[in-house]
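Notes for the one structure printed next.
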Amino acid sequence: WENAQPVFRNTAAGTGVALGHNGNLVNTAELTARARDSGLMGNRGNITATTDSDILGALLAHGAADSSLEQAALELLPTVRGAF
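Residue numbers (our numbering): 1 to 84.
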């Protein structure tokens, strides 16, 4: 069930983010490194699944801790590269 969509993440503000997407990302390694650098992976992190959706959900929720969800999406989405 960890890899099922939609993924759900809590924000530091006490709200939640649910995310589902259809497709594949070609820069998952870059996004994973960003999540790791933000402390979202590993022993203290909250990423447990192995999907690009889970990484995006965690990064989006993390970004929403300091701003609105909309602002977090505006900052995150330009860094996401889809496979076409």
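The beta carbon of each residue, even a glycine, is placed where N, CA and C say it ideally should be.
Quiz item: What are the start and end residues of the alpha helix (DSSP H) that includes Arg34?
Solution: If you number the sequence shown from 1, residue 34 lands on position 34. Counting along the chain, the unbroken alpha helix (DSSP H) around Arg34 starts and ends at Thr28 to Asp37.
Practice problem: Please classify Gly16: does DSSP put it in a helix, a strand, or coil? | Solution: Working through the sequence shown from its first residue, we reach residue 16 at position 16. In the structure shown, the three-state DSSP call for Gly16 is strand.
Practice problem: Please report the residue range of the beta strand (DSSP E) in which Arg81 lies. | Solution: Along the sequence shown, read from residue 1 onward, the residue named residue 81 stands at position 81. Neither: Arg81 is in no beta strand (DSSP E) and is coded neither H nor E.
Practice problem: Look at Gly20 and Gln5 and say whether their C-beta atoms are less than 8 Å apart. | Solution: As a first step, residue 20 is located in the sequence shown; it is residue number 20 there, counting from the start. As a first step, residue 5 is located in the sequence shown; it is residue number 5 there, counting from the start. With a cutoff of 8 Å on beta-carbon distance, Gly20 and Gln5 are scored as near each other.
Quiz item: Straight-line CA distance for Leu76 to Ser67?
Solution: Mapped onto the sequence shown, residue 76 falls at position 76. Mapped onto the sequence shown, residue 67 falls at position 67. Whole-angstrom Cα-Cα distance: 12 Å.
Self-check item: Check whether Gly57 and Val17 have beta carbons under 8 Å apart
Solution: Position 57 of the sequence shown, counted from the start, is the residue given in the question as residue 57. Position 17 of the sequence shown, counted from the start, is the residue given in the question as residue 17. Judged by beta-carbon spacing, Val17 lies within the 8 Å limit of Gly57, meaning their Cβ atoms are closer than that value.
Self-check item: Span separating the alpha-carbon of Asp159 from that of Phe84
Solution: Residue 159 lies beyond the residue range present for the chain, which begins at 1 and ends at 84; the question has no answer from this structure.
Quiz item: How many angstroms separate the CA atom of Asp52 from the CA atom of Gly14?
Solution: Against the sequence shown, residue 52 aligns to sequence position 52. Against the sequence shown, residue 14 aligns to sequence position 14. When only Cα atoms are considered, Asp52 and Gly14 end up about 23 Å apart.
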